[in-house]
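A.B. asks: Here the sequence shown stands for residues 63 to 450, numbered as in the working numbering. The following block contains the structure, expressed as structure tokens.
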Amino acid sequence: MNPSTFVSWLHEAMEGSEGTEKRHIIRFLNDRDYAAFARQIGRQRKSLPRLHQIQPLRLIRAISCTLRTGSEAVSAPFIRSIEPDTRIKLHALGHASSALPSGEEKKSPDKAVIPWGIRHIRAPQAWSRSRGERVRIGVIDTGADYTHPDLRHCLSRGVNILNRQLPPIDDNGHGTHIAGTIAAHTRHRGIIGVAPQAILHPVKAFDQHGGAFVSDIIGGIDWCVSSGVDIINMSFGMKTYSKALEAAVLSAYRSGIIVVASSGNEGNQAEVDYPARLRQVIAVGATTRKGRIAPFSNIGKQINIYAPGEKVYSTWLHGKYHELSGTSMATSHVTGVIALMLARKPDLKPLRIKNLLRKHARYLIKSRKMITGAKEIHAFRSVSAVSK
């Protein structure tokens with residue numbers, strides 16, 4: 063099957079394929095084959111209008127599109143693989159949309175507040191040495207509230223993967239909450255994040271209901287790699303393995319980007335979600351105010367570090383504040399600490415960062431839900447260990 067024939071087959075396979083459950087990722091063997099396919103798409107787009115629905119994934123030489131059931135069995139010498147474009151979810155407990163029960167949103171505090179988790183990991187003690195200056199962080203999430211007074215200073219340009227013509231405005235709340243824990247800053251009233259001088263680039267890959275496709279995440283990673291960010295925060299996950307997602311994460315890792323991901327909230331001892339389960343990622347579990355592993359946190363040897371994730375107070379939509387629990391919240395603490403470290407020594411590699419975090423963390427208080435060697439992040443020790 064040559065590229066021209068494949069394009070015709072693809073158009074036919076997309077006919078009658080409405081329904082998100084039939085979306086697939088098609089990966090090509092190399093850049094040359096992907097480029098040949100792209101040229102054929104350009105030539106036949108007018109005659110085969112359905113081809114406009116194809117989402118290119120340049121980072122991994124792939125496309126995402128809907129296919130009729132059974133069509134994924136196609137054999138072509140230039141196709142590496144075809145896999146389902148799986149749905150992926152955020153890692154905050156009980157949070158599916160921005161529609162919250164009455165009274166859960168909180169007004170601005172009367173003075174500058176350092177949330178308990180940030181104090182717990184000793185971030186304020188590290189601020190005399192680093193505040194995350196000039197470190198750029200891609201937050202792949204639901205976007206961010208650019209109008210929030212505590213975030214205006216740190217939010218820079220981003221991208222809306224769901225609609226490239228629109229800015230990455232948060233219509234859910236989760237991304238704004240993550241942004242606040244990482245880099246919120248205030249002088250008078252509001253909250254202060256772990257790295258209050260870091261620069262955040264919101265990457266909106268999740269919709270209003272907190273859902274995304276793997277292809278949306280890959281598109282977000284692609285944008286982060288091409289934009290040259292230093293860290294990618296991924297507060298989400300799924301149970302199934304994806305070759306395409308691993309390829310995207312590997313590409314980011316090889317470019318020197320530190321990827322931080324949440325482990326999941328099912329309280330499982332053996333199962334850590336993807337992408338946190340990938341070895342190129344810093345996998346994060348959650349702890350409670352008492353310094354124990356949170357009951358909801360997934361645990362296991364695949365988790366590299368734990369951080370506060372219980373009732374975390376942070377920024378919310380429309381200038382408000384909100385408490386959320388989950389490994390999502392723990393991950394944003396870890397991302398902030400890494401920003402503090404990189405501000406002191408920008409050339410630190412991902413593996414070196416992972417080892418330093420583990421070496422200078424503190425052992426968790428023993429409890430029934432405990433694994434040998436589990437450690438909680440310690441911002442002051444980690445930053446102190448990094449010399450310019």
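Ideal placement from N, C-alpha and C gives every residue a C-beta, glycine not left out. Nothing here was measured: the structure is a model prediction, and the numbers come from that model.
In terms of residues, what are the limits of the beta strand (DSSP E) holding residue 208?
C.D. replies: Where residue 208 is concerned, there is no enclosing beta strand (DSSP E), given that its DSSP letter is neither H nor E.
A.B. asks: What does DSSP give as the partner residue(s) for residue 295 in the beta ladder?
C.D. replies: Its beta-bridge partners are 201 and 322.
A.B. asks: Spatial neighbours of residue 187 within its chain, please: C-beta separation below 7 angstroms, excluding the five flanking residues on both sides.
C.D. replies: Within the same chain, residue 187 has close Cβ partners 442.
A.B. asks: Going by the CB atoms, is the gap between residue 372 and residue 394 shorter than 7 angstroms?
C.D. replies: Not in contact: residue 394 and residue 372 (Cβ atoms no closer than 7 angstroms).
A.B. asks: On the three-state DSSP scale, how would you describe residue 128?
C.D. replies: Correct three-state label for residue 128: strand.
A.B. asks: According to DSSP, is residue 412 helix, strand or coil?
C.D. replies: It is helical.
A.B. asks: Going by DSSP, what residues sit across from residue 345 in a beta bridge?
C.D. replies: BP columns for residue 345 point to 323.
A.B. asks: Report the CB separation of residue 468 from residue 182 in whole angstroms; it is logged as a contact under 8 angstroms.
C.D. replies: With the chain represented from 63 up to 450, any question about residue 468 goes unanswered, as that position is not in the structure.
A.B. asks: Determine, using beta carbons only, whether residue 76 and residue 148 come nearer to each other than 7 angstroms.
C.D. replies: No, these two residues do not count as a Cβ contact at 7 angstroms.
A.B. asks: Take residue 162 and list the residues in its own chain whose beta-carbon comes closer than 6 angstroms to its own, dropping the five residues that flank it on each side.
C.D. replies: Summary for residue 162: the model assigns pLDDT 43, below 50, so the residue's position carries little reliability; its value from the coordinates is reported in the next sentence. So no residue of the chain qualifies.
A.B. asks: Does the distance from the CB of residue 59 to the CB of residue 402 come in under 7 angstroms?
C.D. replies: What the structure shows of the chain is the stretch from 63 to 450, and residue 59 is not part of that stretch, so it cannot be assessed.
A.B. asks: DSSP on residue 79, reduced to helix/strand/coil?
C.D. replies: Bear in mind that the predicted position of residue 79 carries a pLDDT of just 49, short of 50, making it too unreliable to give a figure here.
A.B. asks: Below 8 angstroms, can you find three or more Cβ-Cβ pairs linking the region 325-333 to the region 107-119?
C.D. replies: Not touching, per the Cβ criterion.
A.B. asks: Taking Cβ positions, are residue 344 and residue 322 nearer each other than 7 angstroms?
C.D. replies: Taking 7 angstroms as the Cβ cut-off, residue 344 and residue 322 qualify as a contacting pair.
A.B. asks: Would residue 367 and residue 419 be called neighbours here (beta carbons separated by less than 7 angstroms)?
C.D. replies: The answer is yes: Cβ separation under 7 angstroms.
A.B. asks: Quick one: Cα of residue 158 to Cα of residue 67, how far?
C.D. replies: Interpretation of residue 158 is limited by its pLDDT of 47, a score under 50 that renders its predicted location unreliable; the figure taken from the coordinates is listed afterwards. When rounded, the distance between both Cα atoms is 42 angstroms.
A.B. asks: Between residue 324 and residue 347, what straight-line distance do the alpha-carbon atoms span, to the nearest angstrom?
C.D. replies: When rounded, the distance between both Cα atoms is 7 angstroms.
A.B. asks: Write down the C-beta distance between residue 150 and residue 276 rounded to the nearest angstrom, noting that I regard them as a contact closer than 8 angstroms.
C.D. replies: Going by Cβ atoms, the distance from residue 150 to residue 276 rounds to 6 angstroms, so yes, they are a contact pair.
A.B. asks: What did DSSP end up calling residue 248 once you bin it into helix, strand or coil?
C.D. replies: Here residue 248 sits in coil by DSSP.
A.B. asks: Do residue 202 and residue 296 count as a contact pair if the criterion is CB distance below 7 angstroms?
C.D. replies: Result yes, Cβ atoms of residue 296 and residue 202 sit closer than 7 angstroms.
A.B. asks: Where do the ends of the beta strand (DSSP E) carrying residue 9 lie?
C.D. replies: Lying outside 63 to 450, the shown extent of the chain, residue 9 is not represented and no answer is given.
A.B. asks: Which whole-angstrom value is the C-beta distance of residue 311 and residue 285, which I expect to be below 8 angstroms?
C.D. replies: Contact doesn't hold; Cβ gap of about 14 angstroms is too wide.
A.B. asks: Return the Cβ separation of residue 146 and residue 99 in integer angstroms, given the expectation that the two are a contact with Cβ distance under 8 angstroms.
C.D. replies: With 8 angstroms as the limit, residue 146 and residue 99 do not qualify as a contact, their Cβ atoms being about 20 angstroms apart.
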